[in-house]
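Just below is one structure, and these are the notes that go with it.
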Amino acid sequence: MILAKGLVEAPVLDALFDITPLPRIEHALRALENPAVQKAMMESGTRMRQLARSEDEQRAIANSSPVNYRRFYVSCVAIGLVLRYNASAPYEWWAFVAANSKPSKKACKFCAEMRIVRAAREMRVMCIGGLLVLGERQPDARSGKLRNTLNPCPQCRDMMKHPDNRYLFRQRTLIMTSMPESQVQYMETLTKMYAAHGEQW
1271 MILAKGLVEA
1281 PVLDALFDIT
1291 PLPRIEHALR
1301 ALENPAVQKA
1311 MMESGTRMRQ
1321 LARSEDEQRA
1331 IANSSPVNYR
1341 RFYVSCVAIG
1351 LVLRYNASAP
1361 YEWWAFVAAN
1371 SKPSKKACKF
1381 CAEMRIVRAA
1391 REMRVMCIGG
1401 LLVLGERQPD
1411 ARSGKLRNTL
1421 NPCPQCRDMM
1431 KHPDNRYLFR
1441 QRTLIMTSMP
1451 ESQVQYMETL
1461 TKMYAAHGEQ
1471 W
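Structure, rendered in structure tokens:
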């Protein structure tokens, strides 16, 4: 299973600390507007996709089951805040990078966004201010929409707004979606992304 390690996330954290070492909620919600943060997240997301592809290449040589039987690689990068329990500096930056997996047609898929939310809950993140989804576009399985970039799938959208996870996000949380090895990028709020699929956040 591919999980992000510190070296993959390091460029993102560096860019976030350049904004401010003492972040507040407003910093987290606006961080993805920063070009340096966008660049770092794209680099980390691209690196994670490369790691997933390399893992499958090595497994093929060893005649082992793949991570992604379809070779459909999606990475997700999240940025946000965790509590420090310090009155003068109550929050610190958080970043996490993950990739998807589906080893066979009959196996349950585990999306990158699902890993992001699981990690956020485990690490007691209190606000995810921005997300990057990097993958080849395809029609949405529920709305049928084929947008210019890949959006979180229906299961991930349901998972993100589930009562157990909704507290992690804000209406102003930004999501940037991008095509791999392309200049095509799109940024919008979670609210607008859901609306594009005829859904409410």
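Using the working numbering, the final residue of the sequence shown is 1471, and nothing's skipped along the way.
Note that beta-carbon positions come from the ideal geometry of N, C-alpha and C, so glycine has one too.
query                                                                                                                                                 : result
W1363: which of E1451, M1449, I1289 sits nearest, CA to CA?                                                                                           : I1289
Quick one: which unbroken alpha helix (DSSP H) runs of 4-plus residues sit fully inside the stretch 1296-1372? Chain order, please.                   : 1305-1331
Using 8 angstroms for Cβ pairs, my map puts S1314 next to V1387. What's the rounded Cβ distance?                                                      : No, S1314 and V1387 are not in contact; Cβ-Cβ is about 18 angstroms, not under 8 angstroms.
For R1341 and S1335, which I take to be in contact (beta-carbon distance under 8 angstroms), what is that distance rounded to the nearest angstrom?   : That belief does not hold up - the Cβ atoms of R1341 and S1335 are roughly 13 angstroms apart, past 8 angstroms.
Counting Cβ pairs closer than 8 angstroms, one from the stretch 1285-1300 and one from the stretch 1372-1381, do we hit at least three?               : no
Is the beta carbon of A1298 less than 8 angstroms from the beta carbon of L1351?                                                                      : yes
Run the CB neighbour count on M1393, radius 10 Å, all protein chains shown included, and call it buried at 16 or more, exposed below.                 : exposed
Jot down the residue ranges of each uninterrupted alpha helix (DSSP H) in the stretch 1374-1437, minimum 4 residues, whole runs only, in chain order. : 1382-1392, 1424-1430
Tell me the DSSP secondary structure of T1290 in three-state form.                                                                                    : coil
Let's see if you can read the secondary structure: which residues bound the beta strand (DSSP E) around M1446?                                        : 1444-1448
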